[in-house]
Every structure is written in structure tokens, then in C-alpha cells.
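Enquirer: Sharing a structure below in C-alpha cells format, with a few things to ask.
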Amino acid sequence: MRLSELSFRGRAAIVTGGGSGIGREIGLGIARLGGRVCFADMDPDKAESAAAESRAGGSESIAVRVDVTRADDVDRMVGAAREAFGTVDVLVNNAGGASGPSFRIGRVCKLSEQDWDDTFAVNLKSVFLCTRAVAPLMLAQERGSIVNMASLTGQFPFPGLPAYSAAKAAVISLTQSLAMELAPHVRVNALAPGLIETPRTSLNRRPEQLGQLLSNVPLARMGSPEEVADMALYLASDAAAFISGTVMDCAGGQMWLTRDGRPAFRDLDRAD
Ligand SMILES: NC(=O)c1ccc[n+]([C@@H]2O[C@H](COP(=O)([O-])OP(=O)(O)OC[C@H]3O[C@@H](n4cnc5c(N)ncnc54)[C@H](O)[C@@H]3O)[C@@H](O)[C@H]2O)c1
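Final position of the sequence shown in the UniProt record's numbering is 272; the numbers increase by one with none missing.
Below, the structure written as C-alpha cells:
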């Protein structure tokens, strides 16, 4: 399939965290290109709103409430998708983020054990649980594509976000293991977004931080969820049939350093 012919016609997808931000745009994009989508989210109203929008466009999409950190919930989510669609061809492990105070920039000494565990559960364990539940279907049908949402912080650790950075680095490693393990019929890739304007980032950002954040981005703006979604659509589709085990950045050239090479964040002490 050439990029100009991109289509998910006849394909069924699960998008975790599909109720908001990047996941919502990925799910809506797959549906617009002819796919059926299971919008899976902890927030059932947001998931249903995304599924309803894609149904209005003609897709047979569904919404499922799931906590991706719980194996029983994940198995139920995959069961619901199978019941509705017969199978699963695409899995987008997008649900994630940094829980509670760990999202604030701060030193490791202030990070609670609970925040560490929660951050690893939602960003890393979720990828294991969802992949474990879906991989047998993909292996049996000899077709499947998995896209994991990592982060630029997984490649260039972000001072002040140790749990999130380490969990996303582990998502990249897990992506590479799975790409080898599930080949040759199932492809596994990761995306590493930088600063993307979503409900989560605008809520967590202090207004005075924006200028400082953007000073670290060579392209001098935040990315949009649509820009990340387009990369996910490519990786999930047959247009990327020879691509597996890769990590693609969507970060405006950002490398967590200022353009003159100084550390990106100098306000750790203030944040503590
Ligand atoms: N926005 C960014 O700047 C950015 C940058 C790098 C990576 N990412 C990654 O992209 C992904 C999406 O981020 P976003 O900014 O769109 O976030 P968002 O908060 O807008 O959306 C995340 C969605 O996931 C759902 N969710 C959270 N925990 C869940 C759970 N346990 N089970 C099921 N659903 C759950 C939320 O209800 C929400 O609808 C995350 O993995 C995030 O780490 C985002």
C-alpha cells in the first residue's frame, strides 16, 4: 500500500486512551479511513463521545470503559472488540501520562512510592497487558500492527520527571523486544512525541512555563494531536509494512536542551 492509498477498510482497531487528546485523534483518523475502532478509555463519557463522532461519519465504532493497568479490564476490552468486530488488526497503546504530583517538575526525593508505581502501571504495564491480550489474535491471523506511545523523555530523560522518563524509556525497549518476538507478521513501533498541546498538557502547565518550554523547541511551537495521529496512522497502516521496532519522534526538533546547549530546566529548585 502506498501512502497516497492509506486505508483501514476492513480493519479493526483498539485505541487506548481514545477518549481524549492524541488517542482520540488517532481513533477518529482510523475511522475516517474506513476502519472500525474500539475507543477504550477510563472515562466512559469521553470514549462514547469519540465513538459517537466516528459513527456519525459512518464507522461502526464502539466505546469501552477500561483501566489499562488491570488485566481483567484489559481482557474484557479485547473481548468487547472481538465481539463487535470479530478480530483486532491494530492496537494503539496510547493511554498514559504522569500521575499526580509526579507530573510537576521536581526532584526524585519528593516522588512518592505510589506515584512511581502508578506512573509505571499506566505507561508501561498497560503496554504489556494490552499486547499480551491482543497478540494471540494477531499471531493466529498472521496480521497485526501495534503502535506504542512513548515520549521524547524516553530518549532524552527529563530532569524532574524521573518515573515518567524511565517508564517511557522502558516502553521503547519493550517495543524493540516485541518487534523481534512477534515478527514476521506482527509489526510493533513506537512514537516519541515532544510537546503536544492536549488537555493534559494545558492543564498541567503553569502559564509562565510556556515561553521557557518553547525555547527548547527548534521549530518554536507545540505540536498538535493531529500531527502525532498522522504518524500513528502511517505506522499502523500497511504503508509501513517494512517498518518494525522503530521509534519515530514528533517533537519539532527538540532534544531537551536549549539551543545554546544549557540544561533545559533550571527551575528544579523553585519547583521543589
Ligand atoms: N501531550 C504530550 O505532550 C505528550 C508528549 C509525549 C507523550 N505523550 C503521551 O501520549 C499519550 C496521550 O497523551 P495525551 O496528552 O493525549 O493525554 P490526555 O490526558 O489528553 O488523554 C489520555 C487519555 O487516557 C485516558 N487514561 C488515563 N489513564 C487510563 C487508564 N488507566 N486506563 C484507560 N484510560 C486511561 C484518559 O482518561 C484520557 O482520556 C500518553 O501516553 C502520553 O504519555 C503525550
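We put the beta carbon where it would ideally sit given N, CA and C, even for glycine.
Nothing here was measured: the structure is a model prediction, and the numbers come from that model.
Measuring CB to CB, does Cys-38 end up less than 8 Å from Asn-93?
Expert: No.
Enquirer: Under 7 Å Cβ to Cβ from Ile-243, same chain only, skipping five residues before and after it: list those, please.
Expert: Arg-187, Asn-189, Leu-235.
Enquirer: Roughly how many angstroms separate the alpha carbons of residue 306 and Ala-169, rounded to a whole number?
Expert: Outside the displayed span of the chain (1 to 272) sits residue 306, for which this structure offers no information.
Enquirer: Taking the DSSP output, what are the residues bridged to Ala-190?
Expert: Bridge partners of Ala-190: Asn-148, Val-247.
Enquirer: Could you give the uninterrupted runs of the alpha helix (DSSP H) lying entirely in the stretch 9-70, keeping only those of 4 residues or more?
Expert: Runs of the alpha helix (DSSP H) inside the stretch 9-70: 21-32, 44-56.
Enquirer: Tell me whether the stretch 43-50 and the stretch 116-125 touch, counting them as touching only if at least three CB pairs, one residue from each stretch, are closer than 8 Å.
Expert: They do not touch, by the three-pair rule.
Enquirer: On the three-pair Cβ rule with 8 Å, is the stretch 217-235 touching the stretch 20-32?
Expert: Output reads yes: the stretch 20-32 touches the stretch 217-235.
Enquirer: Please return the same chain residues whose Cβ sits closer than 7 Å to the Cβ of Arg-11, not counting the five positions on each side in sequence.
Expert: Cβ within range, chain order: Gly-35, Asp-89, Val-90.
Enquirer: Should Gly-96 go down as buried or exposed, given a rule of 16 or more other Cβ atoms within 10 Å for buried?
Expert: That one is buried.
Enquirer: DSSP beta-bridge partners for Ile-196?
Expert: Its beta-bridge partners are Gly-223.
Enquirer: Please check if any C-beta of chain C sits within less than 8 Å of the C-beta of Ser-54.
Expert: Checking the listed chains, one finds no chain C in this structure; it contains a single protein chain.
Enquirer: Do Thr-16 and ligand 1 come close, with the Cβ less than 7 Å from some heavy atom?
Expert: Yes, ligand 1 has a heavy atom inside 7 Å of this Cβ.
Enquirer: How many angstroms separate the CA atom of Gly-211 from the CA atom of Ser-202?
Expert: The alpha-carbon atoms of Gly-211 and Ser-202 are separated by roughly 13 Å.
Enquirer: Of all the options Leu-214, His-185, Ser-177, Met-222, which has the alpha carbon lying nearest to the alpha carbon of Pro-199?
Expert: Per the Cα distances, Met-222.
Enquirer: Assign Ser-102 to one of three DSSP states: helix, strand, or coil.
Expert: The predicted position of Ser-102 is uncertain, since its pLDDT is 48 and thus under 50; no value can be drawn from it.
Enquirer: Is any heavy atom of ligand 1 found at a distance shorter than 7 Å from the C-beta of Thr-201?
Expert: True, at least one ligand heavy atom lies under 7 Å from that Cβ.
Enquirer: Residues in the same chain with beta-carbon distance under 8 Å from Leu-195, minus the five sequence neighbours each way, listed in chain order, please.
Expert: Cβ within range, chain order: Thr-201, Leu-213, Leu-214, Val-217, Met-222, Gly-223, Ala-251, Gly-252, Gln-254.
Enquirer: Grab the span of the beta strand (DSSP E) containing Val-90 for me, first residue to last.
Expert: Residues 90-93.
Enquirer: Going by CA-CA distance only, name the one from Ala-240, Ala-163, Ala-13 that's closest to Met-138.
Expert: Met-138 has its Cα closest to that of Ala-13, out of Ala-240, Ala-163, Ala-13.
Enquirer: Count the other CB atoms within 10 Å of the CB of Met-1; is the residue buried (16 or more) or exposed (fewer)?
Expert: Its Cβ having fewer than 16 others within 10 Å, Met-1 is exposed.
Enquirer: For Arg-270, which residues in the same chain have their Cβ closer than 8 Å to its Cβ, ignoring the five residues on either side in sequence?
Expert: Residue placement at Arg-270 is flagged as unreliable, the pLDDT there being 48, under the threshold of 50; the coordinate-derived value follows with that caveat. Around Arg-270: no qualifying Cβ.
Enquirer: Straight-line CA distance for Phe-8 to Pro-159?
Expert: Their Cα atoms are separated by approximately 39 Å.
Enquirer: Have a look at Glu-5 and Gly-23 and give me their C-alpha separation to the nearest angstrom.
Expert: The straight-line gap from Cα to Cα measures roughly 22 Å.
Enquirer: Just to confirm, are Ala-183 and Leu-3 a CB contact at a threshold of 8 Å?
Expert: Their beta carbons are not under 8 Å apart, which means Ala-183 does not touch Leu-3 by this criterion.
Enquirer: Can you find the residues in the same chain that come closer than 7 Å, C-beta to C-beta, to Ala-40, ignoring five residues on each side of it along the sequence?
Expert: Around Ala-40: Ile-14, Val-15, Thr-16, Gly-18, Ala-47, Val-64, Val-66, Met-77.
Enquirer: Mark Val-108 as exposed unless 16 or more other C-beta atoms lie within 10 angstroms of its C-beta, in which case mark it buried.
Expert: Val-108 should be labelled exposed.
Enquirer: Do Gly-245 and Thr-153 count as a contact pair if the criterion is CB distance below 8 Å?
Expert: No, they are not a contact pair.
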